[in-house]
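Be aware that the sequence shown starts at 1, since it is given in the UniProt record's numbering, and climbs by one per residue.
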Amino acid sequence: MTNTLFSSLFLAVLVATAAFKLWLGYRHQTHVADHRSEVPREFAQQITLGAHQKAADYTLARLGLGRIDLLINAAWVLVLTLGGGLQWLHAAWTGVFAEGSLLHGTAFLASIGVLGALIDLPLTLYRTFVTEARFGFNKMTPALFVADTAKTLALAAIIGLPVIAAVLWLMVTMGAHWWWAVWLFWLGFNLLVLLVWPTFIAPLFNRFTPLEDERMRGHIDALLARCGFRSNGLFVMDGSRRSAHGNAYFTGFGQSKRIVFFDTLLNTLEPIEVEAVLAHELGHFKHRHVTKRLVLMSAMMLGLLWLLSALMATPWFFTGLGVTAQNTAMALALFMIALPVFSFPFSPLMSAWSRKHEFEADRYATEQSSGEALVSALVKLYRDNASTLTPDPLYSRIYDSHPPASIRIAHLQGKTL
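This is the structure in structure tokens:
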């Protein structure tokens with residue numbers, strides 16, 4: 001392949017993908033707006049017209065921001081690649097560190113991340129303090145936002161910089177089959193993060209306290225006993241400090257597994273409904289969904305690292321993306337930027353797989369708890385999180401990791417749509 005042909009292919013795929021995403025967003029926007037005036041019949045008894053219209057308006061507002069974000073990101077990709085941005089950054093750091101050195105490569109890659117975060121910052125601020133606040137979800141103060149940002153930057157420096165340096169060192173020193181070594185390092189690092197996240201990293205941002213509600217604990221302990229699940233504790237997270245959205249999740253693995261409830265969730269749901277939501281999450285555990293995803297991600301990562309090793313030997317990969325420097329750090333940067341451009345067609349497959357897992361977890365929840373309580377809990381969560389009940393079907397099939405509300409509820413009630 002020639003550099004001109006690869007440049008043309010990259011540009012064509014980038015533009016086509018952006019145009020397709022914009023069209024999908026327009027479809028979704030039109031579908032949601034067209035169904036704004038009436039609550040779907042199956043939800044009419046639980047969700048008011050006002051709540052339904054709030055969800056529609058919230059969805060439309062987020063779609064508008066999403067379009068802006070899409071265009072900014074596409075422009076940023078072009079600036080970095082064909083616009084010469086990566087080559088300029090590479091040359092700028094060459095004046096500080098020796099070209100091709102570990103320090104040069106680490107600084108180069110880190111600066112790309114910092115610049116990307118700065119570009120995302122205005123939209124992040126608008127999304128948090130305007131859009132989320134407009135719909136009553138944002139509880140974060142400017143001081144808390146600054147504190148979170150500072151902690152994130154500190155963690156990125158303390159953890160991220162050594163990881164970048166380690167990957168570059170392995171790529172340079174491990175020979176032609178370096179991709180095996182990097183893959184093993186990636187596996188070990190991700191397992192370590194899973195282990196230490198619940199007890200060391202997450203508490204830097206939120207306060208976790210043991211669940212004290214005895215009635216709630218009774219429901220949950222009985223469920224855990226039925227399911228044969230052992231955890232390192234039941235915790236309540238102060239999610240209300242930042243947002244009115246509610247959730248529950250598992251985190252950690254092995255002896256560090258713990259169950260975490262947002263305080264907003266516990267304030268909304270009845271104990272039997274919390275039990276049903278937890279039973280759904282236990283369904284993911286029982287069906288080994290997390291393990292399956294980790295195995296798939298690991299296999300994909302190994303394949304992608306092999307692909308990168310092959311592309312590094314082809315001059316057109318560098319020159320076709322607007323750079324003249326051909327070294328390890330530049331190859332890694334180009335690959336991370338180009339990969340999302342070419343991988344979008346796989347999104348519908350991953351979304352469909354995720355929705356299949358959600359149906360399996362729902363089925364498990366109805367076996368171990370109350371299907372009626374799960375339906376009731378989901379409807380409350382749809383209402384309180386302003387989730388649209390009327391997504392565009394094609395948009396949902398491509399993007400959504402969870403089934404649309406009407407289909408999911410119908411499955412739980414033994415119906416077919």
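Backbone N, C-alpha and C fix where the C-beta goes; we use that ideal spot for every residue, glycine too. As the structure is a computational prediction, the values presented were derived from the model and not from experiment.
query                                                                                                           : result
Alpha-carbon spacing of E212 relative to Y382, whole angstroms                                                  : 26 Å
Buried versus exposed call for E275 [16 or more other C-beta atoms within 10 Å across all chains shown]         : buried
Rounded straight-line distance, which links the Cα of A338 to that of N3                                        : 14 Å
Top-ranked residue by Cα proximity to P203, from W178, R226, V236 and L349                                      : V236
C-beta contact flag for P391 and H90 at 8 Å                                                                     : no
Exposure of K292, with buried meaning 16 or more beta-carbon neighbours within 10 Å                             : exposed
Alpha carbon of R67 to alpha carbon of V379, nearest angstrom                                                   : 28 Å
Anticipated Cβ contact below 8 Å, A107 with V114, distance rounded                                              : Not a contact, Cβ separation roughly 10 Å.
Residues near R36 by beta carbon distance below 6 Å, same chain, minus five either side                         : Q53 and A56
N-terminal and C-terminal residue of the beta strand (DSSP E) that L234 is part of                              : L234 to M237
Three-state class that DSSP yields for A248 in the structure shown                                              : strand
Assigned secondary structure, F261 (DSSP; H/G/I helix, E/B strand, else coil)                                   : strand
Coarse secondary structure for T324, derived from DSSP in three states                                          : coil
Alpha-carbon to alpha-carbon, V323 and V13                                                                      : 19 Å
Delimiting residues of the beta strand (DSSP E) encompassing P210                                               : F208 to P210
Residues near I47 by beta carbon distance below 8 Å, same chain, minus five either side                         : V39, V379, Y382, R383 and L389
For L417, three-class secondary structure by DSSP                                                               : Since pLDDT at L417 reaches only 42, below the 50 mark, its modelled position is unreliable, and the value read off the structure follows with that caveat. Three-state DSSP puts L417 in coil, outside helix and strand.
C-beta atoms of R207 and P271 nearer than 8 Å                                                                   : no
Spatial neighbours of E132 in its chain, beta-carbon cut-off 6 Å, leaving aside the 5 residues before and after : N138
Sub-8 Å separation of V341 and T17 beta-carbons                                                                 : yes
L282 versus A373: straight-line alpha-carbon distance, rounded                                                  : 15 Å
Residue nearest to R408 in terms of C-alpha spacing, selected from S369, K356 and N232                          : K356
Boundaries (first-last residue) of the alpha helix (DSSP H) holding L86                                         : G85 to T94
N138, DSSP secondary structure in three states                                                                  : strand
Pair within 8 Å by beta-carbon distance, residue 418 and F6                                                     : Nothing in the structure corresponds to residue 418, since the chain is present only between 1 and 417.
In chain order, each alpha helix (DSSP H) run of at least 4 residues that lies wholly inside the region 257-301 : 263-268 and 271-286
Residue burial classification, M312 (beta-carbon count within 10 angstroms, cutoff 16)                          : buried
Three-state secondary structure (DSSP) of S231                                                                  : coil
Alpha-carbon to alpha-carbon, A154 and F145                                                                     : 14 Å
C-alpha gap between A143 and L70, whole angstroms                                                               : 28 Å
Per DSSP, cross-strand counterpart(s) of S243                                                                   : N138
Segment limits, alpha helix (DSSP H) that includes L125                                                         : L102 to Y126
Residue burial classification, S369 (beta-carbon count within 10 angstroms, cutoff 16)                          : buried
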